[in-house]
Ligand code: PHE
């Protein structure tokens with residue numbers, strides 16, 4: 385994203401929409417519920433909320449601040465800011481590892497985008513109608529076992545992302561996000577309403593909010609931290625890039641609070657839509673990445689108007705995935721554009737095709753390559769674990785350390801508009817709690 389091709393955000397509202405569009409995606413609706421299911425419920429939710437408040441919020445603010453001060457792409461912004469305070473330019477590595485993370489995430493993100501496309505079609509053809517849990521499970525497993533189908537979905541999804549990014553249609557996206565995101569919210573609420581009719585809503589509530597601390601361990605905490613970074617699009621330079629188009633008058637803390645609340649509400653509501661169906665049908669809580677694809681179609685297949693609702697839901701899910709995927713491809717494209725003589729369109733093609741190729745390896749993990757393991761993980765899981773558990777938290781850690789310890793304290797305090805008490809809290813959280821939190825989680829997981 386060179387500054388020449390992108391103006392400033394037209395208003396604080398547009399910025400909130402864009403940042404929320406990046407943040408709200410498959411991470412909220414697909415990933416969060418299955419992680420809750422895999423990790424034993426409420427204890428995970430609690431740790432996740434703590435990570436969001438004590439680590440996610442300060443890192444989000446730090447990334448925006450770096451972007452707004454640097455007025456440049458993440459790698460250059462980091463290197464310029466470091467130089468301005470007499471530090472080595474090697475800090476640019478934070479920007480670069482972010483770009484690498486974005487590339488790796490998009491490769492498997494697009495595979496799930498493809499699932500969502502396939503399910504959009506399946507709801508129209510009535511594939512869910514009257515099915516029981518076994519039928520829906522067979523549909524899902526049939527898809528996973530079919531490399532051609534996965535390839536088609538992944539390819540179409542990537543083509544959409546490439547097409548949008550190549551044209552750089554920020555404006556069109558902003559407009560779309562403005563109407564489609566609220567629509568997604570309403571549909572999720574409709575599904576929660578359906579969940580209430582199953583007679584298992586209370587059980588779902590208890591599962592999500594009544595913690596069993598016996599279920600907590602280092603792995604669960606690390607997963608919660610990783611999810612906090614993933615869902616807020618942190619540790620990838622994305623929020624830095626978005627911050628670089630941000631006007632001086634925007635209050636970073638307030639804006640971060642808004643984006644975080646929206647993102648968290650979507651994730652929690654998605655959980656409340658899904659778990660009643662899981663309990664009502666005796667499905668496996670820990671069915672992993674397939675969770676929403678084996679629960680929601682059951683509801684759609686057995687409720688009045690299910691065809692329409694299913695169609696709308698998967699369309700909107702695809703859209704939420706697209707707005708996030710675009711923000712993932714952008715930093716990679718920008719990197720290629722600035723480091724090679726290629727044009728915008730050429731850079732988008734190169735970055736997009738490279739991502740697509742890696743995505744093909746990820747989708748083969750579900751079938752042909754299910755025996756190919758890297759450090760004990762299949763390719764898909766390896767990409768996920770490498771990024772959400774390691775790359776993103778480490779990159780985010782460096783960003784917060786940079787803002788809290790390396791940049792001038794007084795300037796940061798003024799930029800955040802903090803009074804005396806606020807400054808003390810910010811210092812405590814940004815210098816100690818957030819960085820130590822990430823470090824402790826790492827060490828305990830090793
Ligand atoms: N935050 C997005 C989601 O929750 C995923 C994402 C991660 C998007 C990183 C951009 C960057 O789906």
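Residue numbers (my numbering): 385 to 830. Backbone N, C-alpha and C define an ideal beta-carbon position, used for all residues, glycine too. Small disclaimer: the values here were computed from a predicted structure and weren't measured.
Indicate whether residue i and residue j have their beta-carbon atoms separated by less than 8 Å.
{"i": "residue 696", "j": "residue 571", "result": "yes"}
{"i": "residue 406", "j": "residue 754", "result": "no"}
{"i": "residue 776", "j": "residue 766", "result": "no"}
{"i": "residue 663", "j": "residue 426", "result": "no"}
{"i": "residue 619", "j": "residue 801", "result": "no"}
{"i": "residue 764", "j": "residue 746", "result": "yes"}
{"i": "residue 743", "j": "residue 491", "result": "yes"}
{"i": "residue 623", "j": "residue 454", "result": "no"}
{"i": "residue 439", "j": "residue 783", "result": "no"}
{"i": "residue 665", "j": "residue 517", "result": "yes"}
{"i": "residue 458", "j": "residue 625", "result": "yes"}
{"i": "residue 512", "j": "residue 681", "result": "yes"}
{"i": "residue 541", "j": "residue 497", "result": "yes"}
{"i": "residue 658", "j": "residue 676", "result": "yes"}
{"i": "residue 621", "j": "residue 482", "result": "yes"}
{"i": "residue 772", "j": "residue 524", "result": "no"}
{"i": "residue 831", "j": "residue 534", "result": "Because the chain is modelled from 385 through 830, residue 831 falls outside the range shown and cannot be assessed."}
{"i": "residue 832", "j": "residue 469", "result": "Here the chain covers residues 385 to 830 and nothing more, so residue 832 does not appear."}
{"i": "residue 736", "j": "residue 480", "result": "no"}
{"i": "residue 734", "j": "residue 400", "result": "no"}
{"i": "residue 796", "j": "residue 471", "result": "no"}
{"i": "residue 825", "j": "residue 781", "result": "no"}
{"i": "residue 694", "j": "residue 514", "result": "no"}
{"i": "residue 573", "j": "residue 653", "result": "yes"}
{"i": "residue 813", "j": "residue 713", "result": "no"}
{"i": "residue 488", "j": "residue 770", "result": "yes"}
{"i": "residue 604", "j": "residue 428", "result": "yes"}
{"i": "residue 544", "j": "residue 699", "result": "no"}
{"i": "residue 404", "j": "residue 646", "result": "yes"}
{"i": "residue 678", "j": "residue 520", "result": "yes"}
{"i": "residue 719", "j": "residue 660", "result": "no"}
Over what stretch of residues does the alpha helix (DSSP H) that includes residue i continue unbroken?
{"i": "residue 746", "result": "728 to 748"}
{"i": "residue 396", "result": "396 to 407"}
{"i": "residue 611", "result": "602 to 615"}
{"i": "residue 688", "result": "Residue 688 -> no alpha helix (DSSP H), and no H or E assigned at all."}
{"i": "residue 658", "result": "636 to 664"}
{"i": "residue 797", "result": "793 to 799"}
{"i": "residue 538", "result": "531 to 551"}
{"i": "residue 430", "result": "426 to 435"}
{"i": "residue 510", "result": "Run containing residue 510: none; DSSP gives neither H nor E here."}
{"i": "residue 804", "result": "804 to 811"}
{"i": "residue 771", "result": "Where residue 771 is concerned, there is no enclosing alpha helix (DSSP H), given that its DSSP letter is neither H nor E."}
{"i": "residue 597", "result": "Where residue 597 is concerned, there is no enclosing alpha helix (DSSP H), given that its DSSP letter is neither H nor E."}
{"i": "residue 422", "result": "416 to 422"}
{"i": "residue 626", "result": "622 to 627"}
{"i": "residue 524", "result": "517 to 528"}
Let me check one thing: in DSSP terms, what residues is residue i bridge-paired to?
{"i": "residue 820", "result": "BP columns for residue 820 are empty, so no partner."}
{"i": "residue 757", "result": "762"}
### alpha helix (DSSP H) runs wholly inside the region 443 to 491, at least 4 long, in chain order
As far as the region 443 to 491 is concerned, its whole alpha helix (DSSP H) runs of at least 4 residues are 458 to 468.
### Message
Just to be sure I understand the criterion: a residue counts if its Cβ is closer than 6 Å to at least one heavy atom of ligand 1. Which residues meet that?
### Response
Look at which beta carbons fall closer than 6 Å to any heavy atom of ligand 1; those residues are 406, 407, 409, 410, 411, 412, 489, 614, 615, 617, 620, 622, 708, 711, 712.
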